[in-house]
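Engineer:
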Amino acid sequence: MRALVCVLVLMAGNASAAQRVYEGDEAAALRCANMMALTGVTLNRAGLMPDAEKNVLVGISALILDRHVSGNWNEKKRAMEAMRDRRDIDATLEDYQRNAPICLARFPIN
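Mind the numbering: the sequence shown is residues -17 to -1, 1 to 93 in mature numbering (1 follows the signal peptide of the UniProt record, and there is no 0), read in order.
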């Protein structure tokens, strides 16, 4: 019986964590963070961006998450994964071209 209670508690904990919804500025910050990280990784893998520049974009992404998105790292990571899975790479790269300066102004990291 104790094992069943532990399993139910763990399941309830996982279900509530999976249901976190980001809205407004936090959702916009997640989109910006995703755009920065995915652009850096994608261009680097294609040989179009050196490691140092990719690392800068990934670092910017982490700082945006840290300073502008609430929740623990696992919640932020799940939200980033959901964002990544909803958007294709072409749309993300287009976002980067149009919105990178806007994101940095809206979600400062300094």
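Virtual Cβ for every residue (Gly too), placed ideally from N, Cα, C.
Whole angstroms are fine: how far does the CA of CYS15 sit from the CA of ALA35?
Structural biologist: As a first step, residue 35 is located in the sequence shown; it is residue number 52 there, counting from the start. As a first step, residue 15 is located in the sequence shown; it is residue number 32 there, counting from the start. Each residue's alpha carbon lies about 20 Å from the other.
Engineer: Between which two residues does the alpha helix (DSSP H) carrying SER53 extend?
Structural biologist: One-based indexing of the sequence shown puts residue 53 at position 70. Taken as a continuous stretch (DSSP letters only), SER53 belongs to no alpha helix (DSSP H), as it is neither H nor E.
Engineer: Can you give me the C-alpha to C-alpha distance between VAL41 and ARG3, rounded to a whole angstrom?
Structural biologist: Stepping through the sequence shown from its first residue, residue 41 is reached at position 58. Stepping through the sequence shown from its first residue, residue 3 is reached at position 20. Straight-line Cα distance between these residues: approximately 23 Å.
Engineer: Hey, how far is the Cα of ALA83 from the Cα of THR75?
Structural biologist: Locating residue 83 in the sequence shown gives position 100, counting from the first residue. Locating residue 75 in the sequence shown gives position 92, counting from the first residue. Those two C-alpha atoms are separated by around 11 Å.
Engineer: Within this structure, are the beta carbons of MET66 and SER44 separated by less than 8 Å?
Structural biologist: Counted from its first residue, the sequence shown places residue 66 at position 83. Counted from its first residue, the sequence shown places residue 44 at position 61. Their beta carbons are not under 8 Å apart, which means MET66 does not touch SER44 by this criterion.
Engineer: Going by alpha carbons, who is nearest to LEU46 out of GLY7, ARG69, ASN17, ARG81?
Structural biologist: Position 63 of the sequence shown holds residue 46. Nearest of GLY7, ARG69, ASN17, ARG81 to LEU46, Cα basis: ASN17.
Engineer: Starting from ARG70, follow the alpha helix (DSSP H) in both directions and report where the run begins and ends.
Structural biologist: In the sequence shown, counting from the first residue as 1, residue 70 sits at position 87. Per DSSP, ARG70 lies in no alpha helix (DSSP H) segment and is marked neither H nor E.
Engineer: How is ARG89 classed by DSSP in three states: helix, strand or coil?
Structural biologist: Taking the first residue of the sequence shown as 1, we reach residue 89 at position 106. For ARG89, the secondary structure class from DSSP, reduced to helix, strand or coil, is helix.
Engineer: Classify GLY23: buried if its beta carbon has 16 or more other beta carbons within 10 angstroms, exposed otherwise.
Structural biologist: Position 40 of the sequence shown, counted from the start, is the residue given in the question as residue 23. Buried, by the Cβ-count rule.
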